[in-house]
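Visitor: In case it helps, our numbering puts the sequence shown at residues 1 to 268.
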Amino acid sequence: MYMKNSYALITGASSGIGLEIAKNLAGRGYNLILTARRTELLEELAKEITDKNNVHVDLISKDLSNYEAPKDIFEFCESKNYHVDILVNNAGYGIKTSFHETSIEIEEDFIRVLGTSVIMLTKLFIPKMLSNGGGKIMIISSVASFAAPSAIQPLYGPIKTFMNRFSDSININYKHKGITSTSVCPGFTTTGFHTASGVQDEMDRVPKFMVFSAERIAKEAVEATLAGKSLCVPTKTYKFLVFMLKNIPQSILRLIGTALAPGRYDRN
Ligand SMILES: NC(=O)c1ccc[n+]([C@@H]2O[C@H](COP(=O)([O-])OP(=O)(O)OC[C@H]3O[C@@H](n4cnc5c(N)ncnc54)[C@H](OP(=O)(O)O)[C@@H]3O)[C@@H](O)[C@H]2O)c1
Numbered sequence: 001m002y003m004k005n006s007y008a009l010i011t012g013a014s015s016g017i018g019l020e021i022a023k024n025l026a027g028r029g030y031n032l033i034l035t036a037r038r039t040e041l042l043e044e045l046a047k048e049i050t051d052k053n054n055v056h057v058d059l060i061s062k063d064l065s066n067y068e069a070p071k072d073i074f075e076f077c078e079s080k081n082y083h084v085d086i087l088v089n090n091a092g093y094g095i096k097t098s099f100h101e102t103s104i105e106i107e108e109d110f111i112r113v114l115g116t117s118v119i120m121l122t123k124l125f126i127p128k129m130l131s132n133g134g135g136k137i138m139i140i141s142s143v144a145s146f147a148a149p150s151a152i153q154p155l156y157g158p159i160k161t162f163m164n165r166f167s168d169s170i171n172i173n174y175k176h177k178g179i180t181s182t183s184v185c186p187g188f189t190t191t192g193f194h195t196a197s198g199v200q201d202e203m204d205r206v207p208k209f210m211v212f213s214a215e216r217i218a219k220e221a222v223e224a225t226l227a228g229k230s231l232c233v234p235t236k237t238y239k240f241l242v243f244m245l246k247n248i249p250q251s252i253l254r255l256i257g258t259a260l261a262p263g264r265y266d267r268n
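(1) Leaving out the 5 sequence neighbours to the left and right, which residues in its chain are closer than 6 Å to residue 255 when beta-carbon positions are compared?
(2) Does DSSP classify residue 164 as helix, strand or coil?
(3) Just to check my reading of the structure: residue 141 and residue 160 have Cβ atoms closer than 8 Å, yes? What is that Cβ distance to the nearest angstrom?
(4) What residues are listed by DSSP as bridge partners for residue 89?
(5) Select from 46, 12 and 78 the residue whose C-alpha is nearest the C-alpha of residue 6.
(6) Classify residue 3: buried if its beta carbon has 16 or more other beta carbons within 10 angstroms, exposed otherwise.
(7) Quick one: does the C-beta of residue 191 sit closer than 6 Å to a heavy atom of ligand 1?
(8) Taking the beta carbon of residue 173 as the centre, do at least 16 other beta carbons fall within 10 Å, making it buried, or is it exposed?
(9) Given the structure, does residue 186 come close to ligand 1, in the sense that its CB is under 6 Å from one of the ligand's heavy atoms?
(10) Using only CA atoms, which one of 96, 213 and 149 lies nearest to residue 201?
(11) Go through its chain and collect everything with a Cβ distance to residue 69's Cβ below 8 Å, but skip five positions before and after it.
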């Protein structure tokens with residue numbers, strides 16, 4: 001399936017899980033297209049990855065809250081004749097402000113970055129994957145997709161649940177045509193996410209055994225995606241937690257969640 005001009009496109013590649021996925025794929029010999037908003041950082045990272053690996057790395061800086069961004073990214077790949085065989089939908093963040101204090105525009109941007117842009121990129125690249133004989137899609141969701149929505153960032157969990165269901169629908173419709181979609185559901189991971197989302201204090205209170213490195217998450221995510229698995233919950237700790245989330249009454253889960261991650265469930 002993989003050709004010389006075969007590429008992996010990674011959104012949110014400038015830091016955290018996306019950056020580690022990019023490094024992991026480059027280590028396996030995949031050419032890369034990196035995208036995020038911070039152009040200079042992407043340029044530095046592209047050079048660093050190219051220096052360490054015998055792969056071609058290109059970049060396009062785009063803000064995925066802009067409705068046109070997915071189309072611009074697709075057209076960039078088309079204009080360079082890059083075959084995107086692996087699409088990694090990773091970009092994401094949390095909203096710092098309480099729901100009752102945000103404008104609808106802030107919520108809509110959030111839905112566009114974590115939801116609509118994922119659907120648009122997937123929709124744009126699937127026809128190319130079909131004509132190339134297949135492809136792999138990765139969607140970075142979250143353990144939050146299985147949990148009760150928290151008092152802060154009330155749309156975060158629901159949009160990740162939506163992404164899991166969307167990923168399922170891609171598998172049902174395209175697996176027999178060689179396209180698989182892997183929904184990756186990490187738990188607490190050390191990245192720029194918590195500072196960017198204004199919840200670093202809460203992250204600092206999470207017990208160390210529940211926090212994993214972005215490198216570890218990326219490794220498990222890439223392996224599952226290349227193997228065509230539909231769901232990947234990295235680490236045994238979070239596999240166990242997801243089992244609990246699926247099988248234990250919500251009222252008990254809230255008590256446990258409040259004990260393990262104070263503020264996440266009980267803050268107004
Ligand atoms: N960290 C965790 O504990 C955790 C747990 C479960 C799931 N996740 C998920 O993992 C994914 C990656 O997050 P992370 O933890 O690696 O956080 P991160 O280090 O903050 O990385 C987020 C990435 O998304 C990009 N991004 C943010 N807003 C964007 C926008 N409007 N347009 C384009 N790119 C944008 C950022 O790049 P620029 O700022 O340069 O645009 C950055 O590269 C997210 O989907 C998140 O929901 C994280």
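All C-beta atoms, glycine included, are put in the ideal place defined by N, C-alpha and C.
These figures come from a predicted structure and were not determined experimentally.
Guide: Well, looking at it:
(1) none
(2) helix
(3) 4 Å
(4) 139
(5) 78
(6) Any reading at residue 3 must be qualified, since the residue scores a pLDDT of 46, below 50, and its modelled position is unreliable; the value itself is stated next. Burial call: exposed.
(7) yes
(8) exposed
(9) yes
(10) 96
(11) 62, 63 and 117
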